[in-house]
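Position one of the sequence shown corresponds to residue -16 (the numbering used here), numbered consecutively onward.
We put the CB at the ideal spot given by N, CA and C, even for glycine.
It should be emphasised that the depicted structure is a prediction, and the values quoted were computed from it without experimental measurement.
First the structure, in the form of structure tokens, and then the observations on it.
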Amino acid sequence: MLQDQKRTLSFLHLQTSWKSQVMLSELKKQRGIALPLVAMNLTWFVKIVVTTIFLGKLGELELAGGTLGFTFANVTGFSVLNGLCGAMEPICGQAYGAKNFRLLHKTLLMAVFLLLLATLPISFLWLNVDKILIHFGQKEDISAVAKTYLFYLLPDLVATSLLCPLKAYLSSQSITVPIMLSSALALALHIPINIFLAKIKGIQGVSMAIWITDFVPVILLALYMFVIENKKEGRWEQGGWLDQGARDWLRLCRLGGAFCLTTCLEWWCYEILVLLSGRLANAKQAVGILAIVLNFDYLLYAVMLALATCVSTRVSNELGANQPVSACRSAFLSLAMAAVSGCIGGSVMVGARGTWASLFSHDKGTIKGVKKIMLLMAAVEIVNFPLAVSGGIVRGTARPWLAMYANLVACC
């Protein structure tokens, strides 16, 4: 009896030790993917913060108009492009897990073409943004500045149409360090370019600085893919680049449509607040307050987005390799990390709200408004982290309609 108990305890100890090692191994894999993505996302959102600071230095009207213009760009442009590109995550992730490199190659080219095609109607909207904003009750002076800002931001649609597929292609293979390094270089160039262009061209220069620095990671990641990654691993010869059929396009468009609607709903719930604030009596101050608050929220969203992309990559890779148990393990571990990260993020937001407001404005009314809104947003972020990771899990399983229905119900 005693020997049986010892054997049972020994077995349980070995089983617990094995589970701990498996979870630790999974945690290391996710850390290797997520940390560079967090850094990359932070650099992108810091660029937004830097842009907002330069707009604020140009004046209150430029800050309000530029913020409104960038909000319109997010609502009608970047959310759509990022959403359509989301279809690459499950396709490329599962293709990489199954070692189907031909599918990886053709999906990249198809996604680039799809996003470039989508920029045509988006550009038309941007060129008529002043009429649209005035029709919905925005002030004429703010709308005019927003149009100027967006006109000089048009090339960024092309940059985003190239950059998003390149990042999705590499991150689906757990290649994230080159993305981080190229983004860091773009940020390092963004500040001096902003200083130079803002002095000579004003708000037009601030807008131009965004797409100029966005093309830096596009060029670097394209060079990495062509010169190093594919040739070094011997996958270039496997082809598949132009081997697209009707079924491939149907699958990409079907997934892309659902991902696009899901992403747009997630982005719009915040951006619509900025658009509505432009209709208030003190529109300039209200838009400025929300811009400052959302800039901090963007920093937290950088972490959320990295965790979501990480779990999407891990789940899709394991499913592609026909390892559903490992996919479930990755999902549960990511949800636990998201819950902890949400509590930390909310606490940081509460503690930093006073200091953060003073970085952008010295107006007492603006600082007071920022403190109040950030306190409310801190509670929201605690829930947002697990929600974002849940969306990443759904993306990895190629079932975006589940997230789409959930977002539709929430918005209604």
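Whole-angstrom distance between residue j and residue i, CA atom to CA atom
i: T34; j: L256; result: 20 angstroms
i: F28; j: K11; result: 25 angstroms
i: N300; j: R262; result: 46 angstroms
i: V5; j: A304; result: 17 angstroms
i: A142; j: A340; result: 31 angstroms
i: V308; j: R297; result: 12 angstroms
i: L44; j: V32; result: 17 angstroms
i: L(-8); j: P148; result: Residue placement at L(-8) is flagged as unreliable, the pLDDT there being 47, under the threshold of 50; the coordinate-derived value follows with that caveat. Rounded to whole angstroms, L(-8) to P148 spans 51 angstroms at the Cα level.
i: A371; j: L288; result: 7 angstroms
i: A167; j: R237; result: 34 angstroms
i: A205; j: C293; result: 22 angstroms
i: N24; j: K114; result: 33 angstroms
i: K89; j: S157; result: 19 angstroms
i: F134; j: F343; result: 25 angstroms
i: M208; j: P175; result: 28 angstroms
i: I250; j: G120; result: In the sequence under discussion, the amino acid at residue 250 is Trp, which differs from the Ile named in the question. C-alpha separation (whole angstroms): 21 angstroms.
i: T102; j: L140; result: 6 angstroms
i: Y284; j: N57; result: 14 angstroms
i: G228; j: P138; result: 30 angstroms
i: N83; j: G42; result: 53 angstroms
i: K150; j: M191; result: 22 angstroms
i: Y152; j: N265; result: 45 angstroms
i: V21; j: L170; result: 14 angstroms
i: Y281; j: Q13; result: 22 angstroms
i: L425; j: C326; result: The question about residue 425 has no answer, for the chain in this structure spans -16 to 395.
i: R230; j: L172; result: 42 angstroms
i: A381; j: R85; result: 19 angstroms
i: F198; j: F37; result: 20 angstroms
i: G80; j: S295; result: 12 angstroms
i: Q268; j: I202; result: 39 angstroms
Whole-number beta carbon distance between residue j and residue i, since they are thought to touch under 8 angstroms
i: S324; j: L290; result: 7 angstroms
i: P162; j: P383; result: Before going further, note that residue 162 is Ile rather than Pro in the sequence given. About 23 angstroms; that fails the 8 angstroms criterion.
i: R312; j: E123; result: Contact doesn't hold; Cβ gap of about 56 angstroms is too wide.
i: G49; j: I105; result: Incorrect: roughly 18 angstroms between the Cβ atoms, too far for contact.
i: C252; j: V63; result: The Cβ separation is near 15 angstroms, so there is no contact.
i: T131; j: I186; result: 6 angstroms
i: S144; j: L99; result: 5 angstroms
Beta-carbon spacing of residue i, residue j below 8 angstroms
i: I365; j: G329; result: yes
i: G271; j: A127; result: no
i: I51; j: I117; result: According to the sequence as given, residue 51 is Leu; it is not Ile. For L51 and I117, no; Cβs fall outside 8 angstroms.
i: L136; j: I193; result: yes
i: A78; j: L87; result: yes
i: S165; j: P200; result: yes
i: A362; j: G374; result: no
i: T196; j: K30; result: yes
i: F55; j: V112; result: yes
i: T159; j: I376; result: no
i: M332; j: F368; result: no
i: L235; j: L97; result: yes
i: L316; j: R336; result: no
Residue i classed as buried or exposed, judged by whether at least 16 other C-beta atoms fall within 10 angstroms
i: L302; result: buried
i: N65; result: buried
i: H345; result: exposed
i: G348; result: exposed
i: V286; result: buried
i: V210; result: exposed
i: F107; result: exposed
i: I275; result: buried
i: C75; result: buried
i: Y388; result: exposed
i: R378; result: buried
i: A310; result: buried
i: G39; result: buried
i: G334; result: exposed
i: L146; result: buried
i: T26; result: buried
Three or more C-beta pairs closer than 8 angstroms, one from the segment 229 to 242 and one from the segment 64 to 79: is that the case here? Touching, yes.
Measuring CB atoms only, is the segment 180 to 194 touching the segment 307 to 322, in the sense that at least three cross pairs come out at less than 8 angstroms? The segment 307 to 322 and the segment 180 to 194 do not touch, with fewer than three beta-carbon pairs separated by less than 8 angstroms.
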